[in-house]
Structures are given as structure tokens and as C-alpha cells.
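K.L.:
Got a structure here, written out as C-alpha cells. Questions coming.
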Amino acid sequence: MLVVTRHRVPPEGVAAFVVGAEHALAALAARPGWVEGTLGRNVDDPGLWVLSTRWADVGSYRRALSAYEVKVSAVPLLSTAVDEPSAYEVVLGRGGDGTSSHAPDAAIAGPGAER
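Going letter by letter, the sequence shown gives residues 1 to 115 in our numbering.
Shown next as C-alpha cells:
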């Protein structure tokens, strides 16, 4: 499970945003199913940031969002979030040790999908 949230941050809000993101990542990292997370800034548009996290599965991610510590630390970041879908199912990946493939219908299968 991959979660990508883009944020629009004005220059005067960068320091507070980075601190807030650090707190949010720490709270998320303490939850079961956490794999990793990063904060990045766009190289062409310094006002555009991305908070990216990976999870073992969608259930872990959704349960993490309901945790009190996550709500307290992550909700303040919502004011800068770009309003767009942020949760993605990984269909194909490649790491240092090779390719990871998923089921042939992974791109179209999901809850309620007809097979």
C-alpha cells in the first residue's frame, strides 16, 4: 500500500510544516503495518511537498489513521494537503533485489469489483 499526499506550503510555513510532518511520520511509524515514510520537496516548485508512506496493507493504513496519536499529529497537516486521492495499491515494483509482481488482475480487482 502506497500513500502519497501532496502539500502546498508557503515559504513562511515551511519550518512549521517540516516539524509537523516529522511528528506525523513518528506517530504513523509506531503503528502496526508501517513499512516506511518520506518527506520530499519538489525540485522545480519549492512550495510543493510530498509526504509518502508505505504500508503492509490497506487495513493497516486505515487502522493507523484512526489512532489518537496519528489524529493529533496528522490533522494539522491537512490544511496544506492538495485535495486529491492519496492511497494506491502497489501493482508492480522493483527494489534492489528485483521485481515484485502482483496478481494479473491487481490493477482492476478490488472490493466490490466484478471478476
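For each residue, glycine too, the CB sits at the ideal point set by N, CA and C.
Since the structure is predicted, the reported quantities are computational estimates derived from the model, not experimental observations.
Rounded C-beta distance between S86 and V9? I'm assuming under 8 Å.
P.N.:
Between V9 and S86 the Cβ distance is about 16 Å, and since that is not below 8 Å, they are no contact.
K.L.:
Smallest Cα separation from H7: which of A21, W49, R41 and A67?
P.N.:
W49
K.L.:
So what does DSSP say about S66, is it helix, strand or coil?
P.N.:
coil
K.L.:
Kindly indicate the opening and closing residues of the beta strand (DSSP E) around E93.
P.N.:
In the sequence as displayed, the identity of residue 93 is Gly instead of Glu. Counting along the chain, the beta strand (DSSP E) containing G93 begins and ends at L92 to G95.
K.L.:
Under 8 Å between the Cβ atoms of L25 and G37?
P.N.:
Taking 8 Å as the Cβ cut-off, L25 and G37 qualify as a contacting pair.
K.L.:
Going by the CB atoms, is the gap between H23 and S73 shorter than 8 Å?
P.N.:
yes
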